[in-house]
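So the protein lines, in turn, are chains H and L. Count along the first sequence from 1, add 46, and you get the number used in the working numbering. Count along the second sequence from 1, add 311, and you get the number used in the working numbering. Positions of the beta carbon are idealized from the N, C-alpha and C atoms, including for glycine. Notes to accompany the following structure.
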Amino acid sequence: GQQVMQIPQYQHVQEGEDFTTYCNSSTTLSNIQWYKQRPGGHPVFLIQLVKSGEVKKQKRLTFQFGEAKKNSSLHITATQTTDVGTYFCAGQDSNYQLIWGAGTKLIIKP
Amino acid sequence: DTAVSQTPKYLVTQMGNDKSIKCEQNLGHDTMYWYKQDSKKFLKIMFSYNNKELIINETVPNRFSPKSPDKAHLNLHINSLELGDSAVYFCASSQDALAGGGTGELFFGEGSRLTVL
Numbered sequence: 047g048q049q050v051m052q053i054p055q056y057q058h059v060q061e062g063e064d065f066t067t068y069c070n071s072s073t074t075l076s077n078i079q080w081y082k083q084r085p086g087g088h089p090v091f092l093i094q095l096v097k098s099g100e101v102k103k104q105k106r107l108t109f110q111f112g113e114a115k116k117n118s119s120l121h122i123t124a125t126q127t128t129d130v131g132t133y134f135c136a137g138q139d140s141n142y143q144l145i146w147g148a149g150t151k152l153i154i155k156p
Numbered sequence: 312d313t314a315v316s317q318t319p320k321y322l323v324t325q326m327g328n329d330k331s332i333k334c335e336q337n338l339g340h341d342t343m344y345w346y347k348q349d350s351k352k353f354l355k356i357m358f359s360y361n362n363k364e365l366i367i368n369e370t371v372p373n374r375f376s377p378k379s380p381d382k383a384h385l386n387l388h389i390n391s392l393e394l395g396d397s398a399v400y401f402c403a404s405s406q407d408a409l410a411g412g413g414t415g416e417l418f419f420g421e422g423s424r425l426t427v428l
């Protein structure tokens with residue numbers, strides 16, 4: 047079946063370093079959504095990308111959708127302790143079903 | 312007011328029991344969902360439901376059943392609980408379709424942590 051692979055599973059960074067998570071789909075996606083889940087919390091919507099090659103920014107967060115609409119990335123510049131959590135991508139397939147990545151956990155080293 | 316609320320937040324029960332988790336959304340959304348999140352944080356869709364259609368993930372055991380008394384509520388009933396059912400269960404809702412098709416952003420409840428002993 048359709049899959050969205052998300053890597054890495056974990057990323058340890060020093061505060062102030064950058065963080066990136068990547069999602070790759072086996073098939074073309076209609077669009078892709080990104081969510082953040084804080085420890086002990088629930089997933090919270092961050093953004094949706096629809097257009098091929100789209101790039102969107104939210105302060106220190108940059109989201110990209112690939113030209114082929116099969117891959118996407120989230121990049122955080124100069125991480126802060128408030129960025130800690132698990133970041134999920136969720137791609138919509140041709141039937142508009144959401145296919146979730148496994149998540150990337152951002153851990154700030156003490 | 313909380314957009315998507317689910318109760319109880321915590322549920323501890325014995326194997327073999329039957330339990331329910333309730334969910335309500337006040338966003339006027341067309342579609343509601345139940346997700347299961349295991350200890351590894353994988354988010355697995357269990358059901359999606361709107362006024363027209365119930366979509367069941369075929370991997371979900373038939374011990375799990377959604378019940379929707381109206382558009383704003385989607386409850387989850389679990390019969391004969393097993394140890395492997397221990398997880399956090401999230402209810403979510405979304406608007407049915409965006410311009411051009413597709414599902415809008417999902418709004419999640421705070422989760423119900425189920426522990427089966």
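*Excluding sequence positions up to five away, which residues of its chain have a Cβ less than 7 Å from the Cβ of F401 of chain L?*
On the second sequence, position 90 is the one that residue 401 of chain L refers to. Once the five neighbours on either side are set aside, the close Cβ partners of F401 of chain L are Y346, Q348, F419, G420, G422.
*Can you tell me the Cα-Cα spacing of V50 of chain H and S118 of chain H, whole angstroms?*
Numbered from 1 along the first sequence, position 4 holds the residue referred to as residue 50 of chain H. Numbered from 1 along the first sequence, position 72 holds the residue referred to as residue 118 of chain H. When rounded, the distance between both Cα atoms is 10 Å.
*asked:* Contact criterion: CB-CB distance below 8 Å. Does A410 of chain L meet it with respect to chain H?
replied: On the second sequence, residue 410 of chain L is found 99 positions in, with the first residue counted as 1. Since pLDDT at A410 of chain L reaches only 46, below the 50 mark, its modelled position is unreliable, and the value read off the structure follows with that caveat. For A410 of chain L, no CB of chain H lies under 8 Å from its own CB, so it is not counted at the interface with that chain.
*asked:* If you measure between the beta carbons of F109 of chain H and I122 of chain H, is that distance less than 8 Å?
replied: For the purposes of this step, residue 109 of chain H is identified with residue 63 of the first sequence, where counting begins at 1. For the purposes of this step, residue 122 of chain H is identified with residue 76 of the first sequence, where counting begins at 1. Against a cut-off of 8 Å, the Cβ pair of I122 of chain H and F109 of chain H comes out as no contact.
*Compare the Cα-Cα distances from L338 of chain L to each of L:Q406, L:L428, L:F375 and report the closest residue.*
Taking the first residue of the second sequence as 1, we reach residue 338 of chain L at position 27. Nearest option by C-alpha distance: L:Q406.
*Whose Cβ in chain L lies nearer than 8 Å to the Cβ of L144 of chain H?*
Translated into positions along the first sequence, residue 144 of chain H becomes position 98. In chain order: I356, T414, L417.
*Which residues in chain L sit within 8 Å of L149 of chain H, going by Cβ to Cβ distance?*
For the purposes of this step, residue 149 of chain H is taken as the residue at position 103 of the first sequence. Per the sequence shown, the amino acid found at residue 149 of chain H is Gly instead of Leu. Result: K352, F353, L354.
*asked:* Quick check: is the beta carbon of T203 of chain H nearer than 8 Å to any beta carbon in chain L?
replied: There is simply no residue 203 of chain H to check, as chain H begins at 47 and stops at 156 in what is shown.
*Step through the CB atoms of chain L and report whether any lies within less than 8 Å of the CB of P54 of chain H.*
The residue you call residue 54 of chain H lines up with position 8 of the first sequence. No, because no Cβ of chain L sits closer than 8 Å to the Cβ of P54 of chain H.
_Validate contact between the region 351 to 360 of chain L and the region 136 to 156 of chain H using beta carbons, cut 8 Å, 3 pairs_ = yes
_Would G131 of chain H and Q79 of chain H qualify as a contact pair, given that the criterion is a beta-carbon distance under 8 Å?_
Here residue 131 of chain H corresponds to residue number 85 of the first sequence, with the count starting at 1. Here residue 79 of chain H corresponds to residue number 33 of the first sequence, with the count starting at 1. Between G131 of chain H and Q79 of chain H, the C-beta spacing is not below 8 Å.
*Check the DSSP bridge columns for T342 of chain L and list the partner residues they point to.*
Position 31 of the second sequence holds residue 342 of chain L. Answer by DSSP bridge pairing, in chain order: L:S405.
*Since D139 of chain H and Q48 of chain H are thought to touch, with beta carbons under 8 Å apart, how far apart are those beta carbons, to the nearest angstrom?*
In the first sequence, residue 139 of chain H corresponds to position 93, counting from 1. In the first sequence, residue 48 of chain H corresponds to position 2, counting from 1. The pair is a contact, with the Cβ atoms about 5 Å apart (cut-off 8 Å).
*Taking the C-alpha atoms as reference points, what is the distance between T67 of chain H and K116 of chain H?*
For the purposes of this step, residue 67 of chain H is identified with residue 21 of the first sequence, where counting begins at 1. For the purposes of this step, residue 116 of chain H is identified with residue 70 of the first sequence, where counting begins at 1. The straight-line gap from Cα to Cα measures roughly 14 Å.
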